[in-house]
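>
Residue numbers (this note's numbering), protein chains in the order written: chain A, 1 to 114; chain B, 1001 to 1108.
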């Protein structure tokens, strides 16, 4: 089991640039979650998918953020244009089914916007 | 009010003592909870789950769920310096919201 794979591990970009974060969930997991973690706000849920369909995106901060899941093995989180306040660690996590299974986290992407 | 609340700490305990971490939640429909541990610079990892009222023990860890009072706790017996981390509770009933985490420091 390769676990949840996120890329890149670190991203440094300038304000105004487009940023794309990538996630490969564990094979067989059909729920995928994107979180953002900062010291001030903790671990915030941004959006989650079931069977590749976005179920709740109420945590997405604003229209600059978008997420897609074109198939069961890949998801992206895009920020366009990026701003310094977007600097955070972004985690992707997946779980099997819709029952009481726990989430499995990727190693995260540390984003720095200068 | 956040769906899941935790005291951010830090909570400091001496090595060998019992560390008690608490979490309160707002949705009476919540049925089960997970406890995650997060070391600095790492991703959260699952350490305990609890699905029913009462206590659940796993080694040095005991999770407690009290639905009437809407709180869930984690006890760590014989605390070790390696237990120093941030502990997060999660509510899978509510879109997997996480508490803000409690930082635990175990002093040798």
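No residue lacks a Cβ here, since even glycine has one placed at the ideal position from N, Cα and C.
Using a Cβ cut-off of 7 Å, which residues of the stretch 77-110 of chain A contact any Cβ in chain C, in chain order?
Note that chain C does not occur in the displayed structure, where the protein chains are A and B.
> Who are the neighbours of residue 1101 of chain B on chain A, taking C-beta pairs under 9 Å?
Those within 9 Å of residue 1101 of chain B in chain A are 42, 43.
> Any chance the CB of residue 22 of chain A is under 7 Å from a heavy atom of the ligand GTP?
Among the components of this structure there are no ligands whatsoever, and the ligand GTP is therefore not found.
> Since residue 4 of chain A sits in a beta bridge, which residues does DSSP pair it with?
Per DSSP, none; premise fails for residue 4 of chain A.
> Residue 95 of chain A: buried (16+ other C-beta within 10 angstroms of its C-beta) or exposed?
Label assigned to residue 95 of chain A: buried.
> List, in chain order, every chain A residue whose beta-carbon is nearer than 9 Å to that of residue 1095 of chain B.
By Cβ distance, chain A contributes 33, 45, 48, 55, 56, 58, 59.
> Show which residues of chain A have a CB atom less than 7 Å away from the CB atom of residue 1044 of chain B.
Result: 105.
> Can you tell which of B/1021, B/1041, B/1027, B/1092 has its C-alpha closest to the C-alpha of residue 1062 of chain B?
Of the listed residues, the one whose Cα sits closest to residue 1062 of chain B is B/1021.
> With DSSP as the reference, label residue 1078 of chain B as helix, strand or coil.
DSSP places residue 1078 of chain B in coil when its eight states are reduced to three.
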